[in-house]
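The structure appears right after this line, and notes come after that.
Number of protein chains: 2
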Amino acid sequence: MAKTKKIAVIGFGNIGTGVVRLLYEKGIAGLELVKVVDVDIKTKRPVDLPASYLSTDWRLVVADPNIDIIVELIGGIEPAKSILSEALKQGKDVVTANKKLLAKEGESIFQLVSTLHRRIGFRASFVGGHSLIHELGLAGTAAKKFRRIYAILNGTSNYILSTMSREGQSFEAALKEAQAKGYAESDPSDDIDGKDTENKIRILLALISNSYRSAGHFPVEGIRDITQQDIQYADELGYSVKLVGVIEPKEGVFDVAVHPALVPKMSLLGSLPGAYNGTELEDEYGTVSGLVAPGAGAYPTADAVVKDLLDIAEGRTLPIPNSAAPITLGATEAVSRRYYLRFSVSDEAGVLARITDIFWKYNISIAAVIQKEAVSEEFVPVVITTHLAKEGDLQAAIDKVDKLEVVKARTRIIRLLSADT
Amino acid sequence: MAKTKKIAVIGFGNIGTGVVRLLYEKGIAGLELVKVVDVDIKTKRPVDLPASYLSTDWRLVVADPNIDIIVELIGGIEPAKSILSEALKQGKDVVTANKKLLAKEGESIFQLVSTLHRRIGFRASFVGGHSLIHELGLAGTAAKKFRRIYAILNGTSNYILSTMSREGQSFEAALKEAQAKGYAESDPSDDIDGKDTENKIRILLALISNSYRSAGHFPVEGIRDITQQDIQYADELGYSVKLVGVIEPKEGVFDVAVHPALVPKMSLLGSLPGAYNGTELEDEYGTVSGLVAPGAGAYPTADAVVKDLLDIAEGRTLPIPNSAAPITLGATEAVSRRYYLRFSVSDEAGVLARITDIFWKYNISIAAVIQKEAVSEEFVPVVITTHLAKEGDLQAAIDKVDKLEVVKARTRIIRLLSADT
Numbered sequence: 001m002a003k004t005k006k007i008a009v010i011g012f013g014n015i016g017t018g019v020v021r022l023l024y025e026k027g028i029a030g031l032e033l034v035k036v037v038d039v040d041i042k043t044k045r046p047v048d049l050p051a052s053y054l055s056t057d058w059r060l061v062v063a064d065p066n067i068d069i070i071v072e073l074i075g076g077i078e079p080a081k082s083i084l085s086e087a088l089k090q091g092k093d094v095v096t097a098n099k100k101l102l103a104k105e106g107e108s109i110f111q112l113v114s115t116l117h118r119r120i121g122f123r124a125s126f127v128g129g130h131s132l133i134h135e136l137g138l139a140g141t142a143a144k145k146f147r148r149i150y151a152i153l154n155g156t157s158n159y160i161l162s163t164m165s166r167e168g169q170s171f172e173a174a175l176k177e178a179q180a181k182g183y184a185e186s187d188p189s190d191d192i193d194g195k196d197t198e199n200k201i202r203i204l205l206a207l208i209s210n211s212y213r214s215a216g217h218f219p220v221e222g223i224r225d226i227t228q229q230d231i232q233y234a235d236e237l238g239y240s241v242k243l244v245g246v247i248e249p250k251e252g253v254f255d256v257a258v259h260p261a262l263v264p265k266m267s268l269l270g271s272l273p274g275a276y277n278g279t280e281l282e283d284e285y286g287t288v289s290g291l292v293a294p295g296a297g298a299y300p301t302a303d304a305v306v307k308d309l310l311d312i313a314e315g316r317t318l319p320i321p322n323s324a325a326p327i328t329l330g331a332t333e334a335v336s337r338r339y340y341l342r343f344s345v346s347d348e349a350g351v352l353a354r355i356t357d358i359f360w361k362y363n364i365s366i367a368a369v370i371q372k373e374a375v376s377e378e379f380v381p382v383v384i385t386t387h388l389a390k391e392g393d394l395q396a397a398i399d400k401v402d403k404l405e406v407v408k409a410r411t412r413i414i415r416l417l418s419a420d421t
Numbered sequence: 422m423a424k425t426k427k428i429a430v431i432g433f434g435n436i437g438t439g440v441v442r443l444l445y446e447k448g449i450a451g452l453e454l455v456k457v458v459d460v461d462i463k464t465k466r467p468v469d470l471p472a473s474y475l476s477t478d479w480r481l482v483v484a485d486p487n488i489d490i491i492v493e494l495i496g497g498i499e500p501a502k503s504i505l506s507e508a509l510k511q512g513k514d515v516v517t518a519n520k521k522l523l524a525k526e527g528e529s530i531f532q533l534v535s536t537l538h539r540r541i542g543f544r545a546s547f548v549g550g551h552s553l554i555h556e557l558g559l560a561g562t563a564a565k566k567f568r569r570i571y572a573i574l575n576g577t578s579n580y581i582l583s584t585m586s587r588e589g590q591s592f593e594a595a596l597k598e599a600q601a602k603g604y605a606e607s608d609p610s611d612d613i614d615g616k617d618t619e620n621k622i623r624i625l626l627a628l629i630s631n632s633y634r635s636a637g638h639f640p641v642e643g644i645r646d647i648t649q650q651d652i653q654y655a656d657e658l659g660y661s662v663k664l665v666g667v668i669e670p671k672e673g674v675f676d677v678a679v680h681p682a683l684v685p686k687m688s689l690l691g692s693l694p695g696a697y698n699g700t701e702l703e704d705e706y707g708t709v710s711g712l713v714a715p716g717a718g719a720y721p722t723a724d725a726v727v728k729d730l731l732d733i734a735e736g737r738t739l740p741i742p743n744s745a746a747p748i749t750l751g752a753t754e755a756v757s758r759r760y761y762l763r764f765s766v767s768d769e770a771g772v773l774a775r776i777t778d779i780f781w782k783y784n785i786s787i788a789a790v791i792q793k794e795a796v797s798e799e800f801v802p803v804v805i806t807t808h809l810a811k812e813g814d815l816q817a818a819i820d821k822v823d824k825l826e827v828v829k830a831r832t833r834i835i836r837l838l839s840a841d842t
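Line by line, the protein sequences are chains A and B.
Per my numbering, the first sequence starts with residue 1, numbered consecutively.
Per my numbering, the second sequence starts with residue 422, numbered consecutively.
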């Protein structure tokens, strides 16, 4: 048995409290909590920690030679970045839950870990996917390759979309419900605009490519424009609408994007309930596997922190990207996808023919159509799903379609992720 | 980097061929294939291995001091047990895909590993759940506790049930289709009678309890009696019918069983397609997580073998049960479950009242009822789902109900696994 590691937790919020409960109240062999740092050490927390453990000065704690591992749980860029950098320079190992920091400043943090031969655990930056991050990160060893990763990585968005689907609510009503229940922040933009998913996808990309170099820009689209109408049509066609992060490596180039997508209802992603996260992977031999886990919450996050601490204490391998090789992203226009398209057309003969005529010119073939009899609206919806089509062709075709006089509003485009048949 | 490990594979069937392809054709750093043993080394395999690698004498290979790790892939009890025991005694580490051997003779194998301080990798005995086995096995370190594990661990049964549900086929027709497509053996009894699931549940139980002591008897029921009618009623009620292995630890006692069960359609287990395996875990804090992976196939199994080989070569921790403490199983009658019940009753007034009267006496309360107008049958089906009820009470009540004159056939009882409301 290795000697007990002395641990300081910096950040005494919900997650910090969760970690303190596990380390101090429950007690875990090999891990000893010695300090907890926060700017506010007056507020009463739901854990009975003696005052002697508390400090407001992270610099003092990070400089303490008795402490082996620093756990950073304050979030944001600064002082989180300085805390981690300073701790690494002091010869300490670190654990962090800070996905924003790793997505934006991963380059400098991982480089420091690499050059100083220290260790960093960041499962908690990824909560719902931490087994995945671990497996993928270690996979470098086995040179395991993936064809695709489709992942739902934002619990708030999934809660909203699941509620819209289950209860027939509008986006706005479902967002309000999510806020009332504590699943969404008062400013929910990071979650519903796809930025949180983007951060997690960037960390995942670093692990898969084994490079901490910043990957540049890829398309990120959120769920604000998803309507109840689209959710109902998707349901009728056998799909759920989900916010999905996509990574597809192709001959050294990565197709990467974050966007809402139709996924088969009866699939791991399509049936993912509430605030859960889920991931589907297809490896180079076509084997698909997946995992589901809570996407947030103080306890699951604290549990992920403790898993990292145990890996460090017990000398197990921790995955980190450790080269600075550039990551090449594919051109969006060249990616082949299936699409769900909702056209708003005037109720007259020959409209569908005019659309399919344009599709034919752009090599887009149709998989399914829903056109219902008009009731009383001034325009009627026509819903089409396509077979695989190049994103560039699709966009060009829709530009043409949207200029037709019979088309009364911008066509709604949602990607459709499923095996083409 | 540790020195390259020299590996012998014993058993050159489908999985053996898969492992040889990965180690010899693809090549994996740190792992060197040096021998392949089979009783038949004449038959041509789809891999171009020089004759100098081949041997028919496992004793010679196991005794070879140059070989570090023996991979056993022949299945069955003997000579697999002798191969593993001999290899361990010769100071070698071992990897096996043999779930039957570990379920039935795990006590002697694990004890040998423990006393000789050797290592054993057995992810491949578990294919679809190997990440799970790994996490659960290592969890001993963190003293992590689980409230429940619900797992679909047999690909053949899941393929048959999914086909029955999707295509409206009878059990017999779906079994024939599974056999034609290679998902079921000509003698499918191990798979469809729940024995294969039982073997995997026994291995899982050993890991969770950290004891290799044989756990004694628990109820095992297969899927031969599942009818299209029950699948349709389940569907109407929002459930899929699946073959599920259940482990629920309660204060040192384990409730363990294998049986068909209704699980919510829109859940990880309920939406599990084809020959996949899936697992749902709820930990002591109520956090639910899950994973999905192919349940069989040469490549996924070979991949699991290679994962174990890499863990051994790179010095990572491998989970094994390492005490001989007795495992206490709970009394079946005392377990509380929800139930799906299909009664076959004569079409006359007051039948439902007579059933509910008996239920009332046994503290069984009703969650849902489906009774449709009789068409032309001599008896009509009445379907009831219950809230939580003790298995002993339920059985006693059904015994009473089945003696009523208005009840025309034995009541069909299927357990229902879902949060009670």
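Even for Gly, the Cβ is constructed at its ideal location relative to N, Cα and C.
request  = Could you pull out every unbroken alpha helix (DSSP H) segment of at least 4 residues lying fully inside the segment 444 to 516 of chain B, listed in chain order?
outcome  = Listed in chain order, they are 479 to 484, 501 to 510.
message = Less than 8 angstroms between CB atoms is the rule here; does A/Leu153 satisfy it with respect to chain B?
response = Nearest CB-CB separation between A/Leu153 and chain B: not below the 8 angstroms threshold.
query = Assuming A/His259 and A/Arg119 make a contact with CB atoms under 8 angstroms, what is their CB distance in whole Å?
reply = Taking the Cβ atoms as the reference, A/His259 lies roughly 35 angstroms from A/Arg119, outside the contact range of under 8 angstroms.
B/Ser754 - containing beta strand (DSSP E), residue span = The sequence shown places Glu at residue 754 of chain B, not Ser. Here B/Glu754 belongs to no beta strand (DSSP E), and DSSP marks it neither H nor E.
query = If you count every other CB in all the chains shown that lies within 10 Å of the CB of B/Ala847, and 16 or more means buried, which is it?
reply = One cannot answer for residue 847 of chain B here, as it falls past the ends of chain B, which runs 422 to 842.
request  = Just list the alpha helix (DSSP H) runs in the segment 773 to 841 of chain B, keeping only unbroken ones of 4 residues or longer that don't cross its boundaries, in chain order.
outcome  = Counting only runs of 4 or more, we get 812 to 824.
ask   = Just by C-beta distance, which residues in the segment 278 to 301 of chain A are closer than 9 angstroms to chain B?
value = So the close ones are Gly278, Glu280, Asp283, Tyr285, Gly286, Thr287, Val288, Ser289, Gly290, Leu291, Val292, Ala293, Pro294, Gly297, Tyr299, Pro300.
ask   = Can you find a CB in chain B that lies within less than 8 angstroms of the CB of A/Pro319?
value = Chain B contact via Cβ: absent.
query = Is B/Ala755 closer than 8 angstroms to B/Lys811 when the C-beta atoms are compared?
reply = Yes.
ask   = Closest Cβ-Cβ distance between B/Met585 and chain A: below 8 angstroms?
value = Among the residues facing chain A, B/Met585 is not included, as its CB has no counterpart in that chain under 8 angstroms away.
query = Shortest alpha-carbon distance to A/Val34 belongs to which of A/Arg148, A/Ile398, A/Thr4?
reply = Nearest C-alpha to A/Val34: A/Thr4.
request  = State the start and end residues of the unbroken alpha helix (DSSP H) segment that holds B/Thr584.
outcome  = Per DSSP, the continuous alpha helix (DSSP H) segment holding B/Thr584 begins and ends at 576 to 588.
task = Could you tell me which of A/Gly216, A/Ser186, A/Asp93 sits nearest to A/Glu105, measuring between CA atoms?
result = Closest by alpha carbon: A/Gly216.
Near-chain B residues of the segment 54 to 65 of chain A (beta-carbon distance less than 7 angstroms), N- to C-terminal order = Correct list: empty, as no residue qualifies.
request  = Can you pull the chain B residues whose beta carbon is under 7 angstroms from the beta carbon of A/Arg316, in chain order?
outcome  = Neighbours of A/Arg316 on chain B, chain order: Arg737, Thr738.
Beta-ladder partner(s) of A/Pro294, from DSSP = DSSP lists A/Tyr276 as the beta-bridge partner residues of A/Pro294.
message = Below 8 angstroms on the Cβ atoms is my contact criterion, and I expect A/Ala257 with A/Val241 to pass it. Report the Cβ-Cβ distance as a whole number of Å.
response = So it is not a contact: roughly 16 angstroms between Cβ atoms.
key: Where B/Glu526 falls: helix, strand or coil (DSSP)   = The DSSP-derived three-state label of B/Glu526 is helix.
inquiry  = Which residues in chain B have a C-beta closer than 8 angstroms to the C-beta of A/Pro273? List them in chain order.
reply    = Met687, Ser688, listed in chain order.
ask   = Secondary structure at B/Tyr604, three-state DSSP: helix, strand or coil?
value = B/Tyr604 falls in the coil class under three-state DSSP.
request  = Would you be able to state if there are at least three C-beta pairs under 8 angstroms between the segment 596 to 614 of chain B and the segment 722 to 735 of chain B?
outcome  = The segment 722 to 735 of chain B is not in contact with the segment 596 to 614 of chain B.
message = For A/Asp64 and A/Ser85, I'd like the C-alpha separation in whole angstroms.
response = Whole-angstrom Cα-Cα distance: 15 angstroms.
request  = Have a look at B/Gln532 and A/Val71 and give me their C-alpha separation to the nearest angstrom.
outcome  = Answer to the nearest angstrom: the Cα atoms are 39 angstroms apart.
B/Leu443 and B/Ile436 closer than 8 angstroms at C-beta = Taking 8 angstroms as the Cβ cut-off, B/Leu443 and B/Ile436 do not qualify as a contacting pair.
request  = Give me the Cβ distance between B/Thr749 and B/Val674, rounded to the nearest whole Å; I'm assuming they're in contact under 8 angstroms.
outcome  = Their Cβ separation, rounded to whole angstroms, is 5 angstroms, which keeps B/Thr749 and B/Val674 in contact under 8 angstroms.
query = Is A/Ser271 closer than 8 angstroms to A/Leu281 when the C-beta atoms are compared?
reply = Not closer than 8 angstroms, so no.
ask   = How many whole angstroms separate the CB atoms of A/Ser125 and A/Lys89, which I take to be in contact at a CB cut-off of 8 angstroms?
value = Incorrect: roughly 21 angstroms between the Cβ atoms, too far for contact.
query = When we look at the beta-carbon of A/Trp58 and count the other beta-carbons within 10 Å, is it buried (16 or more) or exposed?
reply = Per the 10 Å Cβ criterion, buried.
query = Around the C-beta of B/Pro747, are 16 or more other C-beta atoms found within 10 angstroms, so that it is buried, or is it exposed?
reply = Label assigned to B/Pro747: exposed.
task = Quickly, what does DSSP pair B/Gly666 with across the bridge? List them, please.
result = Paired residues: B/Ala572, B/Val679.
ask   = Cα separation between A/Arg45 and A/Leu161?
value = If you draw a straight line from the Cα of A/Arg45 to the Cα of A/Leu161, it is about 33 angstroms long.
8 angstroms contact criterion, which A/Ala87 and A/Val47 should meet: CB distance rounded = About 23 angstroms separates the beta carbons of A/Ala87 and A/Val47, which is beyond the 8 angstroms limit, so they are not a contact pair.
task = Spatial neighbours of A/Lys265 within its chain, please: CB distance less than 8 angstroms, with the 5 preceding and 5 following residues excluded, ordered by chain position.
result = Contacts found: Asp235, Gly238, Tyr239, Ser240, Ser271.
message = Does the contact criterion of 3 or more C-beta pairs under 8 angstroms hold for the segment 152 to 167 of chain A versus the segment 345 to 363 of chain A?
response = Per the Cβ contact rule, the segment 152 to 167 of chain A is not in contact with the segment 345 to 363 of chain A (fewer than 3 Cβ pairs under 8 angstroms).
ask   = So is A/Val292 buried or exposed if we call it buried at 16+ other beta carbons inside 10 Å?
value = Around the C-beta of A/Val292, 16 or more other C-beta atoms lie within 10 Å, and the residue is accordingly described as buried.
message = Determine, for B/Ser839, whether the minimum Cβ-Cβ distance to residues of chain A falls below 8 angstroms.
response = No, its Cβ sits nowhere closer than 8 angstroms to a Cβ of chain A.
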